[in-house]
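This report concerns only the one structure given below.
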Amino acid sequence: MDISQFFTSADLFGIAPEIILTVTALSVLTLEMLHVSRPGIILMVAALGLFLAGALAINTSGDEQILFGGMLVLNRFSVFFDFLYITIGLLTLIFSQGYLEKRGSASRGEYPALILFAIIGMMLMTRANDLVIVFLGLELLSLSLYILVGFLRHDQLSNESGLKYLLLGAFATGFFLFGAALTYGAAGTTNYNGIVTAITNNTILSDTYLFLGIGLLLIGFAFKVALVPFHMWSPDVYQGAPTTVTGFLCTAPKAAGFGALIILFNRAFVDIHYQWQDIFWILSAMTMTIGNISALIQHNVKRMLAFSSVSHAGFLIMGILVLNETSISAVLFYLVVYSVVNLGAFAIVSAAEQEERGLNLKDYRGLAAQHPWLSAAMTIFMLSLAGFPPTAGFVAKFGLFSAAVSQGYIGLVIIAVLNTLISIYYYLRLVVNMYMQKEESTLILSYKMLAIVFVGLIAIMMIILGITPGYLLEIVTEAASTVA
Amino acid sequence: MVVPLEHVIALSMILFSIGVLGVLFRRNAITIFMSIELMLNAVNLALVGFSRYYNSVDGQVFVFLVMTLAAAEVAVGLAIIIALYRNRQTVNIDEINLMKN
Amino acid sequence: MFTSIFFYFLASIAIASAIFVVLNRNAVYSAIALVLCFFSLAVIYLLLEAYVIAVLEVFIYAGAIMVLFLFVIMLLNLGLEDAFPYFRHLQRALSLFMVGLFFVGIFLIMFNEQGILHQPGEKFSAGDIYALGEALFSKYLLPFEVASLLLLVALIGTVYLAKRKI
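Here the protein sequences line up with chains V, G and C, keeping their order.
Residues 0 to 483, numbered by numbering that gives the first Met the number 0, are exactly what the first sequence covers, in order.
Residues 0 to 100, numbered by numbering that gives the first Met the number 0, are exactly what the second sequence covers, in order.
Residues 0 to 165, numbered by numbering that gives the first Met the number 0, are exactly what the third sequence covers, in order.
Here's what the structure looks like:
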């Protein structure tokens, strides 16, 4: 057997970002072992690794590359996602420092290491051209997240949500795997190109296998990105997890899940995508409506944001329902805005969180008087999530809705617009609470300057993107054109 | 072996369904976990059956990777269960609900 | 003829022990029944000529994973689980519907036989250690390496979460 068919030096260069991240994670763990007690150093090393990985990811952004004999495909789409993950990872690390110190586990090297491993998993998911790689990437991500969710190991809430996430995540993995097995059975291969060939040449073993297989894969994904009716774990897990992990949890895996779904349905199942449009329609309508209505009655900020993220997943499914170049680029734009805004919002929530209070909406009363700038940033985030002009959230929603309208999904877009209107209520409730007068002890006792600077930067960026989205739109269109 | 492929897959589906029902109905975190293992084994059976049918090794490599995952997941899962038990003295998921609206 | 009867015999043992796992209130009995289920699956793998997988099934599942389960059950000293299963949420009803759908799928497949597992004169060579090893280190090199990362993450997590003092 000729090994060069499957492995050459080009392959090694292709996965350089993953290798760098692995080495960084290992060195972070080693630093921890050597009792480097300054948490700043550990975070700095991790951030350096992320930067380096990002720089190497740029290098590979030329033409489409097929690596490891068809296991991975590198193109602008995957590079776009690599950057998104790296940005999310960097922001999470920056925002985590103050919070972890507050919860008394600052110097743990496992935290940045696990975030790096999660990023490797996500990179593999969107680079994958084979169900085996998607599976392994998904599990690398999920395993790291189970541990991160239960990271505060003396905190009962964290334990509890770790267990819940693990049980439901493993359950979802079962569905995903059975789906993958049946797809393998139907097509005789797990490679996307092979599956396409089998479907177009009609050499499928049995349509029942393929149908069940895709359905089960979809259920597995639906669990992982929290689509209704498979979202029940998300509020509990989001509430109990360390707040900065919650920020990571509601952004990165969603981006990776949707990225992988787009590739799966746009490459492997492209010929039978039309058979699944009704399912996507129903999933989308249910997810956004139920997510929104549940968010209305929440008093805990983390739970409110959890349900809001469920409803955002519903909006994103619209892009997969339509699945053309416009809708894919709209999904990518939406993912960037949604991720960055959520991270910013969770950074403020994590700064406000204290032992007994700081998570209830009422606790935010009077915040504007004490911290006018932070409140202004939070207001921008909430407006952006609700989709108000002139924030970037408006551009994102507008792009997605117009992509759906142009393909004739008027009914769904009407539901989506109604949902957007409902969502304004709960987003603004937080804003109104902040600007209400109330003389109480200060909510935010201490914060890291660096984190605050980044929160401000995100807020400014959201306004700039809302007014002149051209640059980012160009990038996402280019990324989408390589898969569509 | 003269058994048709369909019967192997049917066995795998039955085991998978039993596993799903176990996850849905049991209250004990450890038993739920065992039901998940049952689901993964059903997956393995299906993969081995298909691998035999196609006369290719792909399915068996997949099984190998699923087993790796199962081992990793069980290790992490039981560690979380132990950490929880240390704080709460229970593994019943009905009693584990500190979070409410 | 003999092998097919043997297959159905093993299949019924696997199903019976799986049902026992799910129905029994004592976690230790459940674990033992699951070991039985894994053993019968291992023999089915032998019948399917997947020799390596059969061995791994016994080593990893019956040997490593179930021992870990039993160890934790003993460590936590679990009693009997209270009352048997009941429906609580709409969600469960939905899920039951889905499982029902599965059985429909099974019947569809049962009455629609087309896959014959053994052609006369056919040589099956994908089940031995050579084929598996060759695939793992050529075509599946990357998945193999990623699996090692998976184990590393599990290692880190387990030590971090379960160790009393770190």
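Backbone N, C-alpha and C fix where the C-beta goes; we use that ideal spot for every residue, glycine too.
Cβ atoms of residue 52(V) and residue 16(V): under 8 Å apart, would you say? yes
Starting from residue 131(C) and walking both ways along the beta strand (DSSP E), at which residues does that stretch end? Looking at the DSSP string, residue 131(C) is not in any beta strand (DSSP E); the run it does join, the alpha helix (DSSP H), is 128–136.
If you run the structure through DSSP and keep just helix, strand and coil, what is residue 200(V)? coil
Do residue 318(V) and residue 330(V) have their beta-carbon atoms positioned less than 8 Å apart in this structure? yes
At what residue ranges does the stretch 303–371 of chain V contain a whole run of the alpha helix (DSSP H), taking only runs of 4 or more? 324–351 and 366–369
Residue-chain proximity (residue 140(C), chain V), Cβ-Cβ < 8 Å: yes
In whole angstroms, what separates the C-alpha of residue 421(V) from that of residue 18(G)? 39 Å
Going by CA-CA distance only, name the one from 161(V), 322(V) and 311(V) that's closest to residue 261(V). 322(V)
In terms of residue numbering, what span does the beta strand (DSSP E) encompassing residue 71(V) cover? 71–73
Where residue 270(V) falls, given that 16 or more other Cβ within 10 Å makes a residue buried: exposed
Give the secondary structure of residue 93(G) by DSSP, where H, G and I count as helix, E and B as strand, and everything else as coil. coil
Reference residue 14(G); option with closest CA among 1(C), 102(C), 133(C) and 140(C): 102(C)
How many Å lie between residue 84(C) and residue 2(V) at the Cα? Residue confidence is low: residue 84(C) scores 47 on pLDDT, short of 50, so the model does not pin down where it sits. Its coordinate-derived value is still stated next. The alpha-carbon atoms of residue 84(C) and residue 2(V) are separated by roughly 53 Å.
Among the residues of its own chain, which have a CB less than 6 Å from the CB of residue 52(G), if the five just before and after it don't count? 4
So, using beta-carbon positions, are residue 181(V) and residue 69(G) closer together than 8 Å? no
With 16 as the cutoff for other CB atoms within 10 Å, does residue 239(V) come out buried or exposed? buried
Can residue 75(V) and residue 395(V) be called in contact, C-beta distance under 8 Å? no
Ordered along the chain, which non-local residues of its own chain (more than five positions away) have a Cβ less than 6 Å from that of residue 454(V)? 343, 346 and 376
Go ahead and label residue 83(G) buried or exposed: buried means 16 or more other beta carbons lie within 10 angstroms of its beta carbon, across all protein chains shown. buried
Chain-ordered chain V contacts of residue 2(G) [CB-CB under 9 Å]: Correct list: empty, because the minimum Cβ distance to chain V is about 15 Å.
Counting along the chain, where does the beta strand (DSSP E) carrying residue 65(V) start and finish? 64–66
Under 7 Å by beta carbon: chain V residues contacting residue 153(C): 142
State the CB to CB distance for the pair residue 295(V) and residue 425(V), rounded to an integer number of angstroms; the pair is presumed to be in contact (CB under 8 Å). 5 Å
Collapsed DSSP secondary structure at residue 10(V) in the structure displayed: helix
Would residue 17(G) count as contacting chain C if we go by Cβ distances under 8 Å? yes
Can you check whether the C-beta of residue 60(C) is within less than 8 Å of a C-beta belonging to chain G? yes
Quick test of your reading: residue 21(G) and residue 37(G), contact by CB under 8 Å. State the CB separation rounded to the nearest angstrom. 7 Å
Please name the residue or residues paired with residue 127(V) in a DSSP beta bridge. 71(V)
Tell me which residue opens and which closes the alpha helix (DSSP H) that residue 249(V) is part of. First-last for residue 249(V): undefined, no H or E at that position.
Entirely within the stretch 36–100 of chain G and at least 4 residues each: give me those alpha helix (DSSP H) ranges in chain order. 57–87
For chain C, is any of its Cβ atoms less than 8 Å away from the one on residue 42(G)? no
Range of the contiguous alpha helix (DSSP H) that encloses residue 465(V): 448–466
Going by Cα to Cα distance, which pick from 423(V), 178(V), 418(V) and 66(V) is closest to residue 12(G)? 178(V)
Please give the ranges of any alpha helix (DSSP H) in the stretch 16–64 of chain C, keeping only runs that are unbroken, at least 4 residues long and fully inside the region. 26–46 and 50–55
Using a Cβ cut-off of 7 Å, pull out every chain C residue sitting near residue 116(V), in sequence order please. 148 and 152
May I ask you to list, following chain order, the residues of the stretch 243–261 of chain V that have a beta carbon less than 8 Å from some beta carbon of chain C? none
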